[in-house]
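Trainee:
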Amino acid sequence: MAETANIELYFPKRQGVFGDLRKLHHKLMVIDEQIVVAGSFNYAAPER
């Protein structure tokens, strides 16, 4: 899907003392070229 949308993804290699660190679980919502909303809220979760 990312290829068809012309989006480049980068995955940095974790090395040395950072090799055992876990990923952060943040979400990004890209609105347009100027607005990006970042956080840990689950937008797709059922209403609580």
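Here this note's numbering is used: position 2 in the sequence shown is 14, and no number is missing along the way.
Heads up, the beta-carbon is just placed ideally off N, CA and C, and yes, glycines get one too.
Looking at L40 and A56, is the spacing between their C-beta atoms short of 7 Å?
Mentor: Residue 56 sits at position 44 when you count from the first residue of the sequence shown. Residue 40 sits at position 28 when you count from the first residue of the sequence shown. Taking 7 Å as the Cβ cut-off, A56 and L40 do not qualify as a contacting pair.
Trainee: Can you find the residues in the same chain that come closer than 8 Å, C-beta to C-beta, to I43, ignoring five residues on each side of it along the sequence?
Mentor: To locate residue 43, count along the sequence shown from 1; it is residue 31. If we look at I43 and ignore the five residues flanking it on each side, its Cβ neighbours are V49.
Trainee: What residues in its chain sit with their C-beta under 7 Å from that of F23, if we drop five residues either side in the sequence?
Mentor: Walking along the sequence shown from the start, residue 23 turns up at place 11. Hits under 7 Å: none found.
Trainee: Can you give the Cα-Cα distance for R26 and P58, rounded to whole angstroms?
Mentor: For the purposes of this step, residue 26 is identified with residue 14 of the sequence shown, where counting begins at 1. For the purposes of this step, residue 58 is identified with residue 46 of the sequence shown, where counting begins at 1. If you take the alpha carbons of R26 and P58, they lie about 34 Å apart.
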